[in-house]
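Remarks on the structure that follows.
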Amino acid sequence: MADTATSTSTSTSAAAAAAEEPPPQEAKKATEAPKRWADLEDDPPEEPSASSASEEKGAPELDVENLAIDENRKINKFLDEPEDSNIKAVTPGDTPYTSASTFEELKLSPELLKGLYVEMKFEKPSKIQAISLPMILTPPYMDLIAQAHNGSGKTTCFTLGMLSRVDPNLKAPQALCICPTRELAIQNLEVLRKMGKHTGITSECAIPMDSSNYIPIYKRPPITAQVVIGTPGTIKKWMSVKKLGVSCVKILVFDEADHMLAEDGFKDDSLRIMRDIERISSNCQVLLFSATFSETVKNFVSRIVKRDHNQLFVKKEELSLESVKQFKVNVPDELSKVLVIKERIFEFGERLGQTIIFVRTRNSASMLHKSLVDLGYEVTTIQGALKQEDRDKIVKEFKDGLTQVLISTDLLARGFDQQQVNLVINYDLPVKHDNRTEPDCEVYLHRIGRAGRFGRKGAVFNLLSGDMDQMIMSKIENHFGTKVAEVADWRNEEDFKAALRSAGLL
DNA sequence: AGACGGA
Numbered sequence: 001m002a003d004t005a006t007s008t009s010t011s012t013s014a015a016a017a018a019a020e021e022p023p024p025q026e027a028k029k030a031t032e033a034p035k036r037w038a039d040l041e042d043d044p045p046e047e048p049s050a051s052s053a054s055e056e057k058g059a060p061e062l063d064v065e066n067l068a069i070d071e072n073r074k075i076n077k078f079l080d081e082p083e084d085s086n087i088k089a090v091t092p093g094d095t096p097y098t099s100a101s102t103f104e105e106l107k108l109s110p111e112l113l114k115g116l117y118v119e120m121k122f123e124k125p126s127k128i129q130a131i132s133l134p135m136i137l138t139p140p141y142m143d144l145i146a147q148a149h150n151g152s153g154k155t156t157c158f159t160l161g162m163l164s165r166v167d168p169n170l171k172a173p174q175a176l177c178i179c180p181t182r183e184l185a186i187q188n189l190e191v192l193r194k195m196g197k198h199t200g201i202t203s204e205c206a207i208p209m210d211s212s213n214y215i216p217i218y219k220r221p222p223i224t225a226q227v228v229i230g231t232p233g234t235i236k237k238w239m240s241v242k243k244l245g246v247s248c249v250k251i252l253v254f255d256e257a258d259h260m261l262a263e264d265g266f267k268d269d270s271l272r273i274m275r276d277i278e279r280i281s282s283n284c285q286v287l288l289f290s291a292t293f294s295e296t297v298k299n300f301v302s303r304i305v306k307r308d309h310n311q312l313f314v315k316k317e318e319l320s321l322e323s324v325k326q327f328k329v330n331v332p333d334e335l336s337k338v339l340v341i342k343e344r345i346f347e348f349g350e351r352l353g354q355t356i357i358f359v360r361t362r363n364s365a366s367m368l369h370k371s372l373v374d375l376g377y378e379v380t381t382i383q384g385a386l387k388q389e390d391r392d393k394i395v396k397e398f399k400d401g402l403t404q405v406l407i408s409t410d411l412l413a414r415g416f417d418q419q420q421v422n423l424v425i426n427y428d429l430p431v432k433h434d435n436r437t438e439p440d441c442e443v444y445l446h447r448i449g450r451a452g453r454f455g456r457k458g459a460v461f462n463l464l465s466g467d468m469d470q471m472i473m474s475k476i477e478n479h480f481g482t483k484v485a486e487v488a489d490w491r492n493e494e495d496f497k498a499a500l501r502s503a504g505l506l
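With the UniProt record's numbering, the residue at position 429 of the first sequence is 429, and numbering never jumps.
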């Protein structure tokens, strides 16, 4: 699996190691030796303005806050690696974190190492893991805001963090992870159970029970699982009826944190949970993970966590995955979108791997579903109004490879990990809920990240009908500083072939 | 609008 993303020595770090002139007897291993980030500051000189957090260009109005937060921090370097380039690390003071080139360096338990190597088949930490895990696992266990590319292994970071900080002998909830969807909670729990298989650590999913075997929480015994992963409503509920005690919780994770802490409906519950836990368990470590943190959210969340915290950020221009080729397809009207899918994409059949088609509303999900089924295609559709049993079934069928094409609302836009997905189709572009003429660039990035997991090849087709779509698309391109190639003629099969070929899918 | 709950 490419999550074991290689490279511990890069051109920059090798150059830096050479520059520091290690003692002769160690020279041979110089590029492998653990390096303090501070050792790497002789990297390509940063612009003077980049030496403080105010380097965020075009945001002078944020400077005061940024400086207040960051003046005692140190920007260590712009890490430079192909698969996860330019992660900017900011740590308070001089905390000497060492990037971990192996899992052994992290002093994990033998049981956990076994899970990593045998169950997960990992070899060494990916970039984001190498940087974030020492921050997570080293006392004084500071809070962390971590941004990293889609499919780069964020889940492993916080899952490993939770598993290694739990005391196996203490039978009480010690780690909590909060996710925006039930599907993501389930998926994260599956990863944690697999990784922690040999540790004996217990875990439970905090999502609403399906109607069939429903037992109200107040009739159930208190939760004793050591790790609890779930959705905010249910976790809040369990806490409020005293079935989920948090006095022993020492690590609290927000997956898709920008969404959890900024979005109405999530924000209140998330903050409430965080405050309640911090009141009872004062030194609880908070980890915020996401592929996206818009400037405003970044600013907001850095004030939510403790003043002394670590940050890892990626420039938005560097966030689009190189391995996933994006295309735009101009079509005359909504109806021809179905034709494009039918005649220009489905014609390639299973050669493209699995496909997710994103739509804006539940309604258009149903409509598109019906259109494609009427044309004789086998597609499934998932959205939040379905019964949990049906949601589970559809996800399972897709993950088992039994279905090829899945229509989804933004329910699956974030975090959904299915490595066989090579193609993402934006049937509707992601737009802001309060202003549909503006793109939602964060959602766009998450959607396209469903393809090309762990560095695999992938393609995205954005179906555009009309001037509005084209304008929104160009705003997305401007935001990420990318040029999205155009499929010249939607009726021309060769144009699509060429696109898919250039994406490496044919 | 869609996700989160639970009335």
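Ideal Cβ positions, reconstructed from N, Cα and C, are used throughout, including at glycine.
If you draw a 10 Å sphere on the C-beta of S320, you find 16 or more other C-beta atoms in it, and that means buried. When C-beta atoms of the region 379–391 are compared with those of the region 432–446, fewer than three pairs fall below 8 Å, so the two segments do not count as touching. Looking at the backbone, the Cα of V460 and that of L339 are separated by about 17 Å. For N299, the enclosing alpha helix (DSSP H) begins and ends at 295–304. Note that the C-beta distance between E256 and R453 is not below 8 Å. Taking C-alpha positions only, S364 is separated from V421 by approximately 22 Å. Residue state for F254 is assigned as strand, using DSSP reduced to three classes. Using a C-beta cut-off of 8 Å, the region 180–191 makes contact with the region 221–238, since at least three inter-stretch Cβ pairs fall below that distance. Considering only D469, Q470, L352, the residue with the shortest C-alpha distance to S502 is L352.
In the structure shown, K457 falls within a coil segment according to DSSP collapsed to helix, strand and coil.
In the three-state reduction of the DSSP assignment, I215 falls in the coil class, being assigned neither a helical nor a strand state. Where V484 is concerned, there is no enclosing beta strand (DSSP E), because DSSP gives it neither an H nor an E. If you draw a straight line from the Cα of K337 to the Cα of V379, it comes to about 16 Å. Look at the region 127–168 and you find these whole runs of alpha helix (DSSP H), each 4 residues long or longer: 127–137, 154–165. Bridge pairing for F313: K88 [DSSP]. Within the DSSP bridge table, the entry for Q285 names I251 as partners.
In the DSSP annotation of this structure, the continuous segment of the alpha helix (DSSP H) that includes N188 starts and ends at 182–195.
Just measuring C-alpha positions, the residue of I128, F293, Q404 sitting nearest G161 is I128. P232 sits in a helix when the DSSP states are folded into three classes. With respect to the C-alpha of L406, the residue from L113, R436, F346, L106 having the closest C-alpha is F346. Residue pairing from DSSP places V431 in a beta bridge opposite P439. Between the alpha carbons of G153 and I136 lies a distance of about 15 Å.
Boundaries of the alpha helix (DSSP H) harbouring L271: 267–280, taken from the DSSP string. DSSP places S366 inside the alpha helix (DSSP H), whose first and last residues are 362–374. Distance from the CA of F289 to the CA of K483, rounded to the nearest whole angstrom, comes to 27 Å. For V395 against I382, the beta-carbon gap comes to about 7 Å, under 8 Å, which counts as contact.
By the beta-carbon neighbour count (other beta carbons within 10 angstroms, threshold 16), A488 is exposed.
Scanning F300, M142, P216 for the CA closest to the CA of S282 turns up M142.
Annotated as distal: K315 and E486, with beta-carbon spacing of 8 Å or more. Counting of Cβ neighbours within 10 angstroms places T224 among the exposed residues, the total staying below 16. Residue pairing by DSSP places S203 opposite V227 in a beta bridge. The beta-bridge partner set that DSSP reports for S408 consists of F358, I382. Under the 10 Å beta carbon count, I178 is surrounded by 16 or more other beta carbons and is classified as buried. With 16 or more neighbouring CB atoms inside 10 Å of its own CB, N310 falls in the buried class.
Judged by pairs of C-beta atoms under 8 Å, the region 241–259 does not touch the region 108–127, as fewer than three such pairs exist. The closest CA to that of L287, considering only R279, S270, L411, is found on S270.
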